[in-house]
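Read through the structure below, which is laid out as structure tokens, and then see the notes.
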Amino acid sequence: MSAARRASPRPTVPVRYYDLHDDFRAPGRRELSDPVSLDRRKKVDSVWLFTSGAPVKGLGKLRATVQPEGRPLDFSLAGAGLTPIVHARVASIFRELAPDDVQLLPVEVEDCDERYFILVATRLVRCIDDRACAEARRYTPEDGLPERVGHYRTVRGLRIDPMKTDGARVFRSWGWPVSLIVSEGIKEALEHAGVTGARFAEVTGPSPGKNRRKARRKTREPS
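Below is the structure:
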């Protein structure tokens, strides 16, 4: 059965979401560089270009180098910009299950004949639940960075409000786009396919860090 057939229609009720990140602990893994354009007339202006939550245009053919050599992974975050680079079979899952939420850019990986793609989440969603996070601190005017006011300077124990996602299956969180968020359906499809290199941390429900702090406070309360 294909991933598309396993998927359900866009939900009208809250679903569980996960932060999809790289298994940096994978032994002997291959590391990839930030992608660059092979067209000298075009330039990747920022390492964050592919993780800003917006479509990417006009870069021509892209390439990532391997540093150092190691075991290839189906999913990995490349370079300083943590750009998601995925194997063709992973790209097909996102293409089937979240066609309106992603852009898949072919990327040449050094010394590799397999097909890979840069996974760009094209939606930026305001959905972080500040109160539910273990910690969420925003930039203020006093920080001297007017362009950053309202954005997050620190987030620990990320939690989002699933009612604010408008049924998106893949997106970046506004104000904290470092997090690549996927729905439970995407997570299950990737796990079913045996995708290597992917790790998931739930971002719906109570924050474990906040629960631990509450428990410590209770133990300190006098009887």
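Numbering (full-length UniProt numbering), first residue to last: 1 to 223.
The C-beta atom is built at its ideal place from N, Cα and C for all residues, glycine as well.
Under the criterion of beta carbons closer than 8 Å, Gln-103 and Thr-83 do not qualify as touching, at roughly 12 Å.
Secondary-structure assignment with DSSP links Ser-37 through a beta bridge to Leu-62. In the three-state DSSP reduction, Leu-49 falls in the helix class (H, G or I).
Distance from the CA of Lys-187 to the CA of Gly-60, rounded to the nearest whole angstrom, comes to 30 Å. Taking 7 Å as the cut-off, the beta carbon of Arg-137 is found closer than this to the beta carbon of Arg-153. The three-state reading of DSSP puts Asp-143 in helix, counting H, G and I together. Pairing Pro-177 with Gly-53, the inter-Cα distance amounts to about 7 Å.
Its chain contains Val-56, Leu-62, Phe-117, Ile-118, Val-120 as the residues whose beta carbon lies nearer than 7 Å to that of Leu-105, once the 5 sequence neighbours on both sides are disregarded; these appear in chain order. In this structure, Gly-157 sits away from Ser-76, with a CB-CB distance that is not shorter than 7 Å. If you look at Ile-186, you'll find it in the alpha helix (DSSP H) that goes 184-192. Shown here for Val-149: same chain residues with a beta carbon closer than 7 Å to its own, the five before and five after excluded, namely Tyr-139, Thr-140, Pro-141 in chain order. Taking C-alpha positions only, Asp-129 is separated from Asp-111 by approximately 43 Å. The beta carbon of Arg-115 sits closer than 6 Å to the beta carbons of Ala-88 from its chain, once the five residues preceding and following it are set aside; these are given in chain order. Taking the C-beta atoms as reference points, Ser-33 is found nearer than 7 Å to Gln-67.
Non-local C-beta neighbours of Lys-43 in its own chain, meaning closer than 7 Å and more than five positions away in sequence, comprise Ser-37, ordered along the chain.
CA-to-CA, the gap between Ala-132 and Gly-167 works out to about 20 Å.
Setting aside the 5 residues that flank it on each side, Thr-65 is surrounded in the same chain by Ser-33, Glu-110, each with a C-beta closer than 6 Å to its C-beta; the list follows chain order. Just so you know, the alpha carbons of Gly-205 and Gly-70 end up roughly 37 Å apart. Under the three-state reduction of DSSP, Leu-105 is assigned to strand.
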